[in-house]
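Going by the working numbering, the first residue of the sequence shown is number 3, and it counts up by one from there.
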Amino acid sequence: MAAPAPVALLLLTAAAVAAVAPAAAELPRLEHHPHRGDDGSVSLLVVGDWGRHGAYNQSMVAAQMGVVGEKMDIDFVISTGDNFYKNGLTGVDDKAFEESFTDIYTAKSLHKPWYTVLGNHDYRGDALAQLSPVLRKVDSRWICIRSFVVSAEVSDFFFVDTTPFVLKYWTDPKNSKYDWRGVSPRETYIANVLEDLEEALKQSTATWKIVVGHHAIRSVSEHGDTQELLQHLLPILKAHGVDLYLNGHDHCLEHISSRDSPLQYLTSGGGSKAWRGVQTANADKVEFFYDGQGFMSLRLAAAPAPAEASLAFHDVAGNVLHTWALAKPAARVRLVGDQDKMGYGHSYF
């Protein structure tokens, strides 16, 4: 296997501590130094809800990720959770890790760090297994911590463990059993995650602030909005000028714009099984919705001015379905996307 791009895994062993101790503390911080020396730009792919031994077009999505990853010369991949279906991993020796990850994402361009959060299906198995550094000995790309920060110079990525926020997993798990080791009691854990996140956002001086979680804040697909995140997480994101919120959970591709802030909600949960056949109304503006498989690409730059972010959603055949760009001059933020091509763009000042 090709070695991942250089990344200083500072405090990686803190994952083991976080697994057993829910006390408030500074979020583990990983330094990722982009390999481009000219403008410091960062390029990455985002995929979620994928681990099915290659089935449900997972292998086809992986192949297209490899193609796009090579064209963009990506720095890393973000996984938005539900990494292994249907019930996570059984332990660190579960062959599903290799059969659904190592053996599927084989393209050279994808042999970069995979920064990963847990999803609700991951919590239905041995959640601690995915957090274990043992898996990095199996595949060195794998970097999974409950909540953490990746500092990539031009951008800070704040990964949030959202599954414990959802009350029904605790009170009405139905036939599923969740691995709450290191999380219970719920109220304390959530309070500490929010405190740690807010402090990390306050300290950030990055041009771009991006938060990653498994569950959607806004979604028009089957699961819809996550009320607990609307109540507890969203106010913090808006208060600290977060630019993008990335998630999975709904098995589709979505772009929703906030009506009262510059925040953009981006769902990339089409890594395998999709086509739910559900689209519901939403309070914010739906820029794009695709009820199918695929992934998202993202490029972030700070120089030359103005700072720019551009993203695209790709389907299982490699077609570009939706593009959007954000320019951030010193005094204002200007949105440029598909809507501008039709003559009715909008701006936030």
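We put the CB at the ideal spot given by N, CA and C, even for glycine.
At what residues does the alpha helix (DSSP H) containing N194 begin and finish?
Walking along the sequence shown from the start, residue 194 turns up at place 192. Judged by DSSP secondary structure, N194 falls within the alpha helix (DSSP H) whose first and last residues are 188 to 205.
When you compare the region 44 to 53 with the region 269 to 283, are there three or more beta-carbon pairs, one atom per stretch, that lie closer than 8 Å?
yes
With a 10 Å radius around its C-beta and 16 neighbouring C-beta atoms as the bar for buried, classify E310 as buried or exposed.
As a first step, residue 310 is located in the sequence shown; it is residue number 308 there, counting from the start. By the neighbour-count rule (16 or more Cβ atoms within 10 Å), E310 is buried.
Does DSSP put S102 in a helix, a strand or coil?
If you number the sequence shown from 1, residue 102 lands on position 100. The DSSP-derived three-state label of S102 is helix.
In its own chain, which residues sit with a C-beta less than 7 Å from the C-beta of L91, not counting the 5 before and 5 after it?
To locate residue 91, count along the sequence shown from 1; it is residue 89. Result list for L91: A98, F99, G127, D128, A131, Q132, in chain order.
On the DSSP bridge list, what partners appear for M298?
As a position in the sequence shown, residue 298 is number 296, starting the count at 1. In the DSSP assignment, M298 forms a beta bridge with V48, F315.
My understanding is that L231 touches I219, with C-beta atoms under 8 Å, so please give their C-beta distance in whole angstroms.
If you number the sequence shown from 1, residue 231 lands on position 229. If you number the sequence shown from 1, residue 219 lands on position 217. Their Cβ separation, rounded to whole angstroms, is 5 Å, which keeps L231 and I219 in contact under 8 Å.
Spell out the partners DSSP gives T269 in its beta bridges.
Locating residue 269 in the sequence shown gives position 267, counting from the first residue. N249, E256, per the DSSP bridge assignment.
Could you name the residues of the same chain whose beta carbon sits closer than 6 Å to that of D317, not counting the 5 residues immediately before and after it, in chain order?
Counting from one through the sequence shown, the residue named residue 317 turns up at place 315. Counting only Cβ-Cβ distances below 6 Å, and skipping sequence neighbours, we find G296, L323.
Between the alpha carbons of E224 and E256, how many angstroms are there, rounded?
For the purposes of this step, residue 224 is taken as residue 222 along the sequence shown, with counting starting at 1. For the purposes of this step, residue 256 is taken as residue 254 along the sequence shown, with counting starting at 1. E224 and E256 have their C-alpha atoms spaced approximately 12 Å apart.
Taking the C-alpha atoms as reference points, what is the distance between I145 and L32?
Along the sequence shown, read from residue 1 onward, the residue named residue 145 stands at position 143. Along the sequence shown, read from residue 1 onward, the residue named residue 32 stands at position 30. Each residue's alpha carbon lies about 10 Å from the other.
Looking at C-beta atoms only, is the number of pairs between the region 155 to 163 and the region 191 to 210 that lie closer than 8 Å three or more?
Judged by pairs of C-beta atoms under 8 Å, the region 155 to 163 touches the region 191 to 210, as three or more such pairs exist.
By DSSP's criteria, W277 is part of a beta bridge. Which residues make up the other side?
One-based indexing of the sequence shown puts residue 277 at position 275. Bridge partners of W277: none, in fact.
Do you know offhand how far Q205's Cα is from Y191's?
Translated into positions along the sequence shown, residue 205 becomes position 203. Translated into positions along the sequence shown, residue 191 becomes position 189. Their Cα atoms are separated by approximately 21 Å.
Run through the DSSP bridge pairs and tell me what M32 is partnered with.
Translated into the one-based positions of the sequence shown, residue 32 becomes position 30. Note on residue identity: the sequence assigns Leu, not Met, to residue 32. Note: L32 sits in a beta bridge opposite V152.
When you compare each of R148, V156, S102, D75 to H34 by their alpha carbons, which one comes out closest?
Position 32 of the sequence shown, counted from the start, is the residue given in the question as residue 34. Of R148, V156, S102, D75, the residue nearest in Cα terms is V156.
What does a CB cutoff of less than 8 Å around R261 pick up in its chain, not counting 5 residues either side in sequence?
Taking the sequence shown and counting its residues from 1, the one referred to as residue 261 is at position 259. Here the set comprises A285, D286, K287.
Taking the alpha carbon of K170 as the reference point, which residue from L137, Q229, F150 has its own alpha carbon closest?
The count along the sequence shown starts at 1 and reaches residue 170 at position 168. Of L137, Q229, F150, the residue nearest in Cα terms is Q229.
Could you please give the first and the last residue of the uninterrupted alpha helix (DSSP H) stretch that includes I238?
Position 236 of the sequence shown, counting from 1, holds the residue named residue 238. Element bounds for I238: 236 to 241.
Helix or strand or just coil, what does DSSP make of Y180?
Along the sequence shown, read from residue 1 onward, the residue named residue 180 stands at position 178. Coil at Y180, not helix or strand.
For A276 and A64, what's the separation of their Cα atoms in angstroms?
By one-based count along the sequence shown, residue 276 stands at place 274. By one-based count along the sequence shown, residue 64 stands at place 62. Spanning the two alpha carbons is a distance of roughly 15 Å.
Below 7 Å between beta carbons: does that hold for A154 and V244?
Within the sequence shown, numbered from 1, the residue matching residue 154 stands at position 152. Within the sequence shown, numbered from 1, the residue matching residue 244 stands at position 242. No, the pair does not count as a contact, with Cβ atoms beyond the cut-off.
Near Y247, what residues of its chain come up, given a Cβ to Cβ distance below 6 Å and the 5 sequence neighbours on each side ignored?
Reading the sequence shown from its first residue, position 245 is the one you call residue 247. Once the five neighbours on either side are set aside, the close Cβ partners of Y247 are V213, I219, Y267.
By DSSP, does E72 sit in helix, in strand, or in coil?
Start at 1 with the first residue of the sequence shown, and residue 72 comes out as number 70. E72 falls in the helix class under three-state DSSP.
For V222, which three-state DSSP category applies?
By one-based count along the sequence shown, residue 222 stands at place 220. In this structure, V222 counts as coil in the three-state DSSP scheme.
Under a Cβ-count criterion, where at least 16 other Cβ atoms within 10 Å of its own Cβ denotes burial, should N249 be classed as buried or exposed?
Start at 1 with the first residue of the sequence shown, and residue 249 comes out as number 247. Counting Cβ neighbours within 10 Å, N249 comes out buried, since at least 16 surround it.
When burial is assigned at 16 or more other CB atoms within 10 Å of the CB, is S186 buried or exposed?
By one-based count along the sequence shown, residue 186 stands at place 184. By the 10 Å Cβ count, S186 comes out exposed.
Can you give me the C-alpha to C-alpha distance between T82 and S263, rounded to a whole angstrom?
Taking the sequence shown and counting its residues from 1, the one referred to as residue 82 is at position 80. Taking the sequence shown and counting its residues from 1, the one referred to as residue 263 is at position 261. Roughly 23 Å between the two C-alpha positions.
In terms of residue numbering, what span does the beta strand (DSSP E) encompassing V288 cover?
The count along the sequence shown starts at 1 and reaches residue 288 at position 286. Run containing V288: 287 to 292, per the beta strand (DSSP E) assignment.
List the residues that DSSP assigns as beta-bridge partners of S157.
In the sequence shown, the residue the question calls residue 157 occupies position 155. S157 pairs with W210.
Should N122 be labelled buried (16 or more other beta-carbon atoms within 10 Å of its own) or exposed?
Here residue 122 corresponds to residue number 120 of the sequence shown, with the count starting at 1. When all chains shown are included, N122 counts as buried.
On a CA-only basis, which of R148, A208, F159 is nearest D181? Give me that one, please.
Taking the first residue of the sequence shown as 1, we reach residue 181 at position 179. When only C-alpha atoms are compared, the closest one is R148.
Given that a residue counts as buried once 16 or more other Cβ atoms are within 10 Å of its Cβ, and exposed if not, what is P36?
For the purposes of this step, residue 36 is taken as the residue at position 34 of the sequence shown. Buried, by the Cβ-count rule.
One question on the structure: do S102 and F86 come within less than 7 Å of each other, judged by their Cβ atoms?
Numbered from 1 along the sequence shown, position 100 holds the residue referred to as residue 102. Numbered from 1 along the sequence shown, position 84 holds the residue referred to as residue 86. For S102 and F86, yes; Cβs fall inside 7 Å.
By Cβ distance below 7 Å, which residues in the same chain neighbour S259 in space, the five residues on each side in sequence not counted?
Start at 1 with the first residue of the sequence shown, and residue 259 comes out as number 257. Sequence-distant Cβ neighbours of S259 in its own chain, meaning closer than 7 Å and more than five residues away, are Q266, D286, K287, E289.
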